[in-house]
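Data block below; observations after.
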Amino acid sequence: PLWNCLPSESVYYLYADRLGTAPLALIFPSVGSFPFMAVNDNMYGDDVSTFNGGVLIVKPDSATYSALVDGYPQYQGNYDISWAEQGFLNYYFHHRTFILPTEYNLNVALVLKQQDEWARLLPATRTIHYTWDKPCRPKNPNLPSSERSKVDLVRSKTMHLWFQTEDEMLSSAWWGEVKTRIAQKGCSTYLQ
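Each residue of the sequence shown is one higher than the one before, counting from -4 in the working numbering.
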């Protein structure tokens, strides 16, 4: 329960399928009194009027927490449940969200229809969100050729960033220490 993380002034909620490319801390001073902050979504390359849940900044508040929990049953049916918490939060916080710049949650779907915008935003990006294609998911060989070409396009523009960062992390002294500690605890099978 993000809203119950008192006495924190703000809580960052980050999906695991994003790649941090620069510090997010630069927006802490701008959080101020905004109760909820997110980045507009980009569905399959099209801008939409909803926010994406990949990066959320929440101001903990017990009254908001109670309103979310107590009101949840009456809100069902008013949003697309296939979007899970993102659908619910879009419904609840509609018109009450401070929209962060796209650079704080750059969606790889932007590559599909707005490659110039992707190239313009990438240098200032704080996180890249692998929404449409995941680095850990093998490419499906049964995709129709029209979908395969989209996957190839997204991968050609985005995956090298993920794997470059992974290589840097795995070759760092920090990761060497982590591997040593895991091996010492007898958990070396996780390192393969």
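All residues carry an ideal CB built from backbone N, CA and C; glycine is no exception.
For clarity, every value in this text was computed on a predicted model and none was experimentally measured.
Would you kindly check if the distance between the Cβ of Y8 and the Cβ of L1 is under 8 Å? no
Extent of the continuous alpha helix (DSSP H) to which L165 belongs: Start and end: 140 to 165.
If Y99 and V50 are in contact, beta carbons under 8 Å, what's the gap, nearest whole angstrom? 5 Å
If the criterion is Cβ atoms closer than 8 Å, does the pair Y10 and G48 meet it? yes
Element boundaries [beta strand (DSSP E), containing D42]: 41 to 53
By how many angstroms is the C-alpha of Q71 removed from the C-alpha of L84? 12 Å
Own chain, CB closer than 8 Å to N137, minus 5 neighbours either side, in chain order: none
Residue closest to K152, alpha-carbon to alpha-carbon, out of T59, D12, N102: The option with the nearest alpha carbon to K152 is N102.
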